[in-house]
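Peer 1: Numbering (my numbering), first residue to last: 362 to 571. All C-beta atoms, glycine included, are put in the ideal place defined by N, C-alpha and C.
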């Protein structure tokens, strides 16, 4: 059995970002193996032929979905109680990963979808963002006074959407949502998960995270 779980990751992927956030919160140390999506190592593809990040190899099983990785890590140790979340939090993550992510992709990569109207797709994304903003007008986090799994699962995707046109995003008058995002962007957690590492190569020294 390998000494530590191995996390295959790509720094800017929002799915990989949320996996790293959960692992950082858990304190479970993993061997981080950063890859380039345009040049995937054979060892990565042998671990997970689907070829998308993140992938966690615990030594006993391979976990190929980011939400499952988050739950695995926090099930080992959850000092902040992130898993202590009502069902509404899971429903928000479902909406993020489904309709919102679809609209995000149609907006960010509009050139790939010539049959779709970019403004219509952006409007679909705004429905989800407005729902988040409404929650954040009542509390600093999506589920109330403290951060939960929903916050760290959704934040990377809101960041990705905002970065498609930050000036436009800031003009939407979603002040609570913008504050929630900006607090994340200046946090130690964000800085820690966005450290740059060279692409993994066989035989190189281990990169331990967190």
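Which residues in the same chain as residue 400 place their Cβ atom closer than 8 angstroms to its Cβ, once the five residues preceding and following it in sequence are excluded?
Peer 2: If we look at residue 400 and ignore the five residues flanking it on each side, its Cβ neighbours are 560.
Peer 1: When you compare only the Cα positions, how much space is there between residue 558 and residue 395?
Peer 2: 7 angstroms
Peer 1: Classify residue 470: buried if its beta carbon has 16 or more other beta carbons within 10 angstroms, exposed otherwise.
Peer 2: Exposed.
Peer 1: Indicate whether the contact test is met: 3 or more Cβ pairs, each with one atom in the region 507-515 and one in the region 433-448, closer than 8 angstroms.
Peer 2: yes
Peer 1: Does DSSP classify residue 443 as helix, strand or coil?
Peer 2: coil
Peer 1: Which class does residue 454 belong to by DSSP, given the choice of helix, strand or coil?
Peer 2: helix
Peer 1: Am I right that residue 503 and residue 450 are in contact with their C-beta atoms under 8 angstroms? What's the rounded C-beta distance?
Peer 2: 7 angstroms
Peer 1: Need the endpoints of the beta strand (DSSP E) that residue 418 sits in, please.
Peer 2: 416-418
Peer 1: Can you tell me which of the three DSSP states residue 513 falls into?
Peer 2: Three-state result, residue 513: helix.
Peer 1: What does the alpha-carbon distance come out to for the pair residue 486 and residue 564?
Peer 2: In a straight line, the C-alpha of residue 486 is about 43 angstroms away from that of residue 564.
Peer 1: Among residues of its own chain, excluding the 5 on either side of residue 370, which ones have a beta-carbon nearer than 8 angstroms to its beta-carbon?
Peer 2: 377, 380, 381, 393, 394, 395, 396, 414, 415
Peer 1: Using DSSP's beta-bridge definition, name the partner residues of residue 430.
Peer 2: Its beta-bridge partners do not exist; DSSP assigns none.
Peer 1: DSSP three-state call for residue 474: helix, strand or coil?
Peer 2: Here residue 474 sits in coil by DSSP.
Peer 1: Label residue 421 either buried or exposed according to how many other C-beta atoms from any shown protein chain fall within 10 Å of its C-beta, with 16 as the threshold for buried.
Peer 2: exposed
Peer 1: Name the one or two DSSP bridge partners that residue 400 has.
Peer 2: The partner list for residue 400 (beta bridge, DSSP) reads 397.
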